[in-house]
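Protein chains in written order, with the numbering used here: chain U, 1 to 129; chain D, 130 to 430. Here the structure comes first, spelled out in structure tokens, and everything after it is commentary.
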Amino acid sequence: MGLVLILLGLVIGLAIGFWVPFSLPVTAAKYVSVAFLAGLDSVLGGARAGLESKFDLGVFVSGFCLNLILAGGLTWLGDLLGVEIYQAALVTFGMRIFLNLGYIRRSFLKKKGEPSDLERLISLDSRPL
Amino acid sequence: MDSAPIAEGKAPAPEGGPPPPAPLGSLEKTLEEGLDSRLSLRQRVWHGLGLEGGEKGERATQPANWPLPLALACVILGAMVGLQYRTQAGDLPVHLDDRRKTLELVRTLEGERNRMSSEISELRARLADLEQASAQVGTVGKQLQEQLARSRVEAGLTGIQGPGIVVTLSDSPRTPPLNVDPYFFIVHDVDLQALVNELWSAGAEAVSVNDQRVVARTSIRCVGPTVLVNGVRIAAPYVVKGIGPNDLETALRMPGGFLDSMAPLIGNGGEVTINRQAEVRILPFEGSLAFRYGRAVEEGK
């Protein structure tokens with residue numbers, strides 16, 4: 001259920017992105033892609049925290065919003081100053097995405113026998129993993 | 130929920146005299162419950178969505194429905210990807226496969242064009258022979274033939290030679306460094322246009338660019354890294370020939386004129402050479418001059 005919900009959100013978002021009447025200006029494309037990376041990092045971090053029973057709504061929401069804005073804004077600032085700051089965001093978020101993915105993967109693979117984390121994620125079981 | 134009226138009742142207390150003294154434990158309880166009732170709306174929403182964190186102040190517990198905010202965040206991310214994809218797709222409509230196909234098409238069409246232009250040359254030669262033959266019939270025919278020959282020279286359909294200049298323009302062999310506009314490292318269509326224009330203006334009688342004769346319907350236009358003249362792709366170095374008076378060279382060297390306008394290119398390593406020659410040969414125009422849309426207006430109408 002939980003995983004389905006997340007994927008459903010992604011699909012709905014994609015549909016919205018494809019169907020909205022306006023489109024991004026080409027100049028904004030770079031900022032959006034860096035911001036997307038930040039958002040992806042936040043979501044993966046949130047999923048990891050959820051799987052580790054440490055999810056906190058406030059932390060997630062504030063981290064998601066601030067990272068989005070900060071990553072896009074820093075890229076923009078870097079363009080203003082002629083310094084390619086977006087590379088810093090790229091490296092940092094890229095690294096964290098892989099780290100979080102690693103944790104998520106490991107939490108799915110953990111124990112045999114008892115219901116797997118994946119099954120519990122799908123059944124929205126809130127017991128600590 | 131019973132505690133809510135108590136908490137609200139505390140606010141107007143000052144006008145109603147001092148509140149009845151209560152044991153310390155009960156006061157604490159009242160305060161706590163008052164706090165609870167103030168948070169109750171938010172908590173009720175949170176609870177309804179299953180987003181309520183367990184015990185207050187305890188970070189280790191998590192809401193039951195934690196994938197929900199992740200899903201909402203994914204909606205935003207998905208929208209970003211969708212928008213981004215549309216921007217990128219609009220930006221680069223040409224894929225590699227398309228490009229290969231286009232390239233093949235261009236090659237095929239160019240081969241066809243070359244074949245046809247040699248056919249045109251053959252037909253024109255045959256036409257000249259026929260005209261020659263018909264000229265021998267009588268004086269009228271001879272006059273007509275002379276007139277035709279003159280018209281052909283005027284239209285640029287014959288090779289032509291005479292004193293003139295040869296201008297060579299080369300791109301810079303250097304790679305433009307980063308942060309430097311590569312514009313002034315290569316020769317552009319506008320440079321060729323300006324040069325040809327200047328030659329006509331100085332009194333040139335015939336002009337060619339890389340052996341493409343410049344006639345009334347000639348276009349000079351950039352297409353990617355090459356230039357199209359008469360629809361034929363040519364590339365640097367560009368050799369522009371002009372037949373005309375000695376002024377041709379002077380006109381190009383005029384202060385603020387063509388050569389000066391090429392200073393940025395020359396400064397970047399490009400080359401512009403101007404050679405005056407006693408005998409310059411310029412090839413005939415090989416394209417079609419047929420009119421498919423326009424019709425001649427008869428004189429006097």
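From the three backbone atoms N, C-alpha and C, an ideal C-beta is built for every residue, glycine too.
> Using CA coordinates, which residue listed in D:A323, D:V338, D:L197 is at the minimum distance from V409 of chain D?
Replying inline: D:V338
> From this set, U:F55, U:V26, U:V91, U:F98, which residue's C-alpha is nearest N194 of chain D's C-alpha?
Replying inline: Checking every option, the nearest Cα to that of N194 of chain D belongs to U:F55.
> In whole angstroms, what is the alpha-carbon distance linking A189 of chain D and V26 of chain U?
Replying inline: Confidence at A189 of chain D is low in this model, with a pLDDT of 48, below 50, so the placement of that residue should be treated as unreliable; the coordinate-derived value is given next. Using only the alpha carbons, I get a separation of about 43 angstroms.
> How many Å lie between V269 of chain D and R279 of chain D at the Cα?
Replying inline: 15 angstroms
> At a CB-CB cut-off below 9 angstroms, which residues of chain D make contact with F108 of chain U?
Replying inline: Result: empty, since nearest Cβ-Cβ is about 14 angstroms, beyond 9 angstroms.
> Residues of chain U with a CB under 8 angstroms from the CB of L201 of chain D: which are they?
Replying inline: G9
> Which one of D:E428, D:E427, D:G429, D:E415 has the shortest CA to CA distance from I249 of chain D?
Replying inline: D:E415
>> What does DSSP give as the partner residue(s) for R229 of chain D in the beta ladder?
In response: Beta-bridge pairing by DSSP links R229 of chain D to no other residue.
> Since V369 of chain D and V319 of chain D are thought to touch, with beta carbons under 8 angstroms apart, how far apart are those beta carbons, to the nearest angstrom?
Replying inline: About 14 angstroms; that fails the 8 angstroms criterion.
> Which of the three DSSP states, helix, strand or coil, is assigned to I411 of chain D?
Replying inline: The answer is strand: DSSP assigns I411 of chain D an E or B state.
> What are the residues that DSSP puts in a beta bridge with G291 of chain D?
Replying inline: D:V409
>> Does the CB of V43 of chain U have a neighbour CB from chain D at under 9 angstroms?
In response: yes
>> If you follow the alpha helix (DSSP H) that R382 of chain D is in, where does it begin and where does it stop?
In response: 376 to 382
>> Measuring alpha carbon to alpha carbon, tell me which residue in D:L324, D:S263, D:I372 is nearest G285 of chain D.
In response: D:I372
> Rounded to whole angstroms, how far is the Cβ of A38 of chain U from the Cβ of M209 of chain D, which I believe are closer than 8 angstroms?
Replying inline: Not really, about 10 angstroms apart at Cβ, beyond 8 angstroms.
>> For the pair the segment 378 to 388 of chain D and the segment 353 to 367 of chain D, tell me if three or more CB-CB distances fall below 8 angstroms.
In response: no
>> Quick check: the Cα distance between L201 of chain D and R48 of chain U, rounded to an integer number of angstroms?
In response: 16 angstroms
> Is the shortest distance between the beta-carbon of I97 of chain U and the beta-carbons of chain D less than 9 angstroms?
Replying inline: No, because no Cβ of chain D sits closer than 9 angstroms to the Cβ of I97 of chain U.
>> Taking a contact to mean a Cβ-Cβ separation below 9 angstroms, would you say E64 of chain U touches S33 of chain U in this structure?
In response: One point to set straight first is that residue 64 of chain U is Phe, not Glu, in the sequence displayed. Going by C-beta atoms, F64 of chain U is not nearer than 9 angstroms to S33 of chain U.
> Is F18 of chain U near R242 of chain D, with beta carbons less than 9 angstroms apart?
Replying inline: no
> To the nearest whole angstrom, what separates the beta carbons of A29 of chain U and Q213 of chain D, a pair I think is in contact under 8 angstroms?
Replying inline: 6 angstroms
>> With the cut-off set at 9 angstroms, would you say G399 of chain D and V325 of chain D are in Cβ contact?
In response: no
> Where DSSP assigns a beta bridge to T216 of chain D, which residues make up the other side?
Replying inline: Paired residue(s): none; T216 of chain D is not in a bridge.
>> Need the endpoints of the alpha helix (DSSP H) that V11 of chain U sits in, please.
In response: 2 to 19
> Can you tell which of D:R228, D:R253, D:Q217 has the C-alpha that lies nearest to the C-alpha of P413 of chain D?
Replying inline: D:R253
> What are the partner residues of K370 of chain D, as DSSP defines its beta bridges?
Replying inline: D:V295, D:S337
> Which chain D residues sit within Cβ distance under 7 angstroms of L24 of chain U?
Replying inline: L212, Q213, T216
>> Suppose you measure from the CA of V235 of chain D to the CA of T75 of chain U; what does that come to, to the nearest Å?
In response: 41 angstroms
> What is the residue span of the beta strand (DSSP E) that L24 of chain U lies within?
Replying inline: It is not in any beta strand (DSSP E) - L24 of chain U carries neither H nor E in the DSSP assignment.
>> Below 8 angstroms on the Cβ atoms is my contact criterion, and I expect I12 of chain U with G207 of chain D to pass it. Report the Cβ-Cβ distance as a whole number of Å.
In response: 7 angstroms
>> Between U:E84, U:E52, U:G78, U:G58, which has its C-alpha nearest R106 of chain U's C-alpha?
In response: U:E52
> Would A407 of chain D pass as a contact of P374 of chain D if the rule is Cβ separation under 9 angstroms?
Replying inline: no
>> Output needed for P292 of chain D: all residues of its chain with C-beta closer than 6 angstroms, excluding positions within five of it in sequence on either side, in chain order.
In response: A407
> If you run the structure through DSSP and keep just helix, strand and coil, what is N194 of chain D?
Replying inline: In the three-state reduction of the DSSP assignment, N194 of chain D falls in the coil class, being assigned neither a helical nor a strand state.
> Roughly how far, in whole angstroms, is the beta-carbon of P321 of chain D from the beta-carbon of I349 of chain D, given that I think they are within contact range, below 8 angstroms?
Replying inline: For the sequence presented, residue 321 of chain D should be read as Leu rather than Pro. Confirmed, Cβ separation roughly 5 angstroms.
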